[in-house]
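Residue numbers (mature numbering (1 follows the signal peptide of the UniProt record, and there is no 0)): -16 to -1, 1 to 191.
What follows is a single structure, written as structure tokens, with notes after it.
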Ligand SMILES: [Cu+2]
Ligand SMILES: [Zn+2]
């Protein structure tokens, strides 16, 4: 009996840590741009999956970033700069050197609609570098991805004003939203080791 109780307790913990994390961003602006973004991640070692739905944009490409602060007290202006914990130069999403918040551009069609989804291996919802509580910002102009001679190219991508923004909030409930990666789900092997160790421990208790 004790074995069963111990086993089920361990299983509960393991399964709980296996839950994917999901965040939601409600985007608003002063020029009629609205939309939402979801960020999903099944574990701290998996890439995030980002789904974007925005309307009201001018047709063409718009810089799309995670900024460091979830502070909208002065609209999008108070969200700070690009989230950049490594203090490196601005870049493209696929560059080796980039801000964590550098998600490149989104492209709006002739109706001003931008709808897309993709994975990113740098952004995370886990650990000290979690983007939860920070902001997503859409810019008026195209992000040059750090590739032009403009003085702001390696700082911001020279993407112009901020037309919409929103705070990255918790969507799917999960425990310890700011927990470290090591306390999160790390894969099947640690889970199996945990279960085997607890079975052995429970047997010792019974004897
Ligand atoms: Cu930005
Ligand atoms: Zn940047």
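In this text, a Cβ means the ideal position worked out from N, Cα and C, and glycines have one as well.
Everything numeric in this text was worked out from a predicted model, so none of it was measured.
In the DSSP assignment, residue 25 falls within the beta strand (DSSP E) that extends over 18 to 25.
For the options 146, 157 and 156, the alpha carbon positioned closest to that of residue 56 is the one of 146. The nearest non-hydrogen atom of ligand 2 is 6 angstroms or more from the C-beta of residue 46. By alpha-carbon distance to residue 29, the top candidate from 85, 112 and 105 is 105. In the structure shown, residue 101 falls within a strand segment according to DSSP collapsed to helix, strand and coil. Restricting attention to 95, 47, 11 and 6, the CA atom closest to the CA of residue 33 is found in 6. If you ignore the 5 residues before and after residue 94, its C-beta comes within less than 7 angstroms of the C-beta of 43, all in its own chain and listed in chain order.
Around the beta carbon of residue 102, a 10 Å sphere encloses fewer than 16 other beta carbons of the protein chains shown; the residue is thus reported as exposed. When 118, 136 and 46 are compared, the shortest CA-CA separation from residue 107 is found for 118. Straight-line measurement puts the Cα of residue 25 at about 35 angstroms from the Cα of residue 134. The closest heavy atom of ligand 1 lies less than 6 angstroms from the beta carbon of residue 121.
Around the beta carbon of residue 115, a 10 Å sphere encloses 16 or more other beta carbons of the protein chains shown; the residue is thus reported as buried. In the DSSP assignment, residue 46 falls within the unbroken beta strand (DSSP E) covering 44 to 51. In this structure, the alpha-carbon of residue 17 lies about 13 angstroms from that of residue 120. Counting the other Cβ atoms within 10 Å of the Cβ of residue 58 gives fewer than 16, which makes it exposed. By the CB criterion at 7 angstroms, residue 96 and residue 130 fall outside the cutoff. Less than 7 angstroms separates the beta-carbon of residue 54 from that of residue 151.
The beta-carbon separation of residue 46 and residue 67, rounded to 18 angstroms, does not stay under the 8 angstroms limit for a contact. In this structure, residue 49 has its beta carbon less than 6 angstroms from a heavy atom of ligand 1. For residue 149, the enclosing beta strand (DSSP E) covers residues 146 to 156. With fewer than 16 other Cβ atoms inside 10 Å of its own Cβ, residue 157 counts as exposed.
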